[in-house]
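In terms of this note's numbering, the sequence shown opens at residue 327 and continues consecutively.
Just so it is clear, CB atoms sit at the ideal spot from N, CA and C, and this is done for glycine as well.
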Amino acid sequence: MSDYFADLPRIAYAGPDTRDELAYRWYDKDRLVLGKRMEDHLRFAVCFWHSFGWPGSDVFGTGTFRRPWHAGANDAAAAATKRAAAFALFDRLDLPFYCFHDVDVMAEASDIGGFRRAFAEAVGDLERLQAAHGRRLLWGTANLFGHPRYAAGAATSPDPEVFAWAASQVRDALEATHRLGGANYVLWGGREGYETLLNTDVRRELDNLGRFLSLVVEHKHRIGFTGTILIEPKPMEPTKHQYDFDVATVAAFLQRYGLEREVKVNIEANHATLAGHTFEHEIATAAASGIFGSIDANRGDPQNGWDTDQFPNSVEELTLALVEILRAGGFTTGGFNFDAKVRRQSVDAVDLLHGHIGGVDTVARALLAAAALIEDGRLDAFKAERYAGWDGPFGREIAGLDLAAIAQRAVDHGLAPQPRSGRQERLEGIVAATIAGVR
Ligand code: XLS
Ligand code: NI
Ligand code: NI
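Listed below in structure tokens is the structure:
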């Protein structure tokens, strides 16, 4: 089988001053940052779907990429060629992990028996490829949104037969993830939402989604999978409204169905944007709720409102995100998955390298800046000082009191609290100066 990346080099660290565009400037995998190797901090993953599944089509036009495995039908031979090309890219980039949906890695099949056989064949090959190339699985998932049967949802479909088909796919994808030693299993509910309330029973759909998730958790324990189950919030697209709207919505959903200790979140930068939040807001909210799991790294476009899935290129944005990740204690089973795709005109194999190199270096440089901010200590010191009143005499005095007693203290002390500066501009200046100084 010919190597799709045959004339392209393996990407290595060459330092910030290199003129070599096929090299890492900031990602030095063995460099110690806050006592931990960069590779272990960031746990980068390449995704199958954008780089190998998507042919470069959009809603107005067909595929532009002319990848060899897209030339004819997606049969067993084409799927094998695609898998081999994917592992060749993982090697070129020298990144430790990858992610996939069942349909990304397998030949097309129409009936349920054929689907299961084609997927099992693909998983056997992935197991062999992982061992041969020394790559690991960050997470697996099932595609419960592409096929027409899922047009009205999977777990939230009005049709119980669709719910059962989804159960078959998730059972197999979860067991495959377990067999491949995956660190997490993801559920992104692309069609778990609605187009119009005129035809939708929200209560029933939420209960079915809660039940489906409970069944997944139960099965995870039954088969002995020790990875983390992750929900990936997104407010809309493809549905008008998605039930996993944002991290706060998912946190409340998990509590309602008693799953808050079983399931965490996979936070995607572009989904945060679509929900009207910053990326770091979603991470901080997850950390505060004890459900921070993993990251889908990408970015949107400030001038339009859809999931453009571009490779990240803002060190500023990623620095603020990494400060929150480091404050939350870093990843346990999670990592930085590039849920990002090159533009439709970027038709060459080398464009896949440029996209990933840019993303990797942006995140790596942001890690250095975030670590520098934490070592510098001024941000944390200011925050600690800002809340110090709660550990002082008055804060302690009111800690265990009821509303009326607290009110009486306010009256008794004749309280007249004065505004204090939040020093936002000073803190923003510290961040900007730190990013500028990072080497
Ligand atoms: C789509 C999602 C999807 C998930 C995996 O917007 O980001 O790619 O990450 O199903
Ligand atoms: Ni994603
Ligand atoms: Ni997305």
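Original post:
Quick one, are the C-beta atoms of S620 and N596 less than 8 Å apart?
Top reply: no
Original post:
Does any heavy atom of ligand 1 sit closer than 7 Å to the C-beta of T467?
Top reply: yes
Subject >> Beta-carbon proximity list for H473, same chain, < 7 Å, skipping 5 on both sides >> reply: none
Subject >> Check whether L535 and T482 have beta carbons under 8 Å apart >> reply: yes
**OP:** Please find out if some non-hydrogen atom of ligand 3 comes closer than 7 Å to the beta-carbon of K560.
**Re:** yes
**OP:** Pull up the distance between the alpha-carbon of A458 and that of R418, whole angstroms please.
**Re:** 14 Å
Subject >> W632 classed as buried or exposed, judged by whether at least 16 other C-beta atoms fall within 10 angstroms >> reply: exposed
Original post:
According to the neighbour-count rule (16 or more other Cβ atoms, all chains shown, within 10 Å of its Cβ), is N639 buried or exposed?
Top reply: exposed
Subject >> Simplified DSSP assignment, three categories, for H427 >> reply: strand
Subject >> Coarse secondary structure for E588, derived from DSSP in three states >> reply: coil
Original post:
Does the Cβ-Cβ distance between F416 and G661 come in under 8 Å?
Top reply: no
Original post:
Taking DSSP as the reference, what is the three-state secondary structure of N624?
Top reply: coil
Original post:
For ligand 3, is there a heavy atom less than 7 Å away from the beta-carbon of H603?
Top reply: no
Original post:
Which whole-angstrom value is the C-beta distance of Y330 and A414, which I expect to be below 8 Å?
Top reply: 6 Å
Subject >> For L358, the nearest candidate out of A690, F386, Q456, A613 (CA to CA) >> reply: A690
Original post:
Looking at the unbroken alpha helix (DSSP H) that takes in L541, where does it start and where does it end?
Top reply: 528-549
Subject >> Beta-carbon gap between I609 and A647 smaller than 8 Å >> reply: yes
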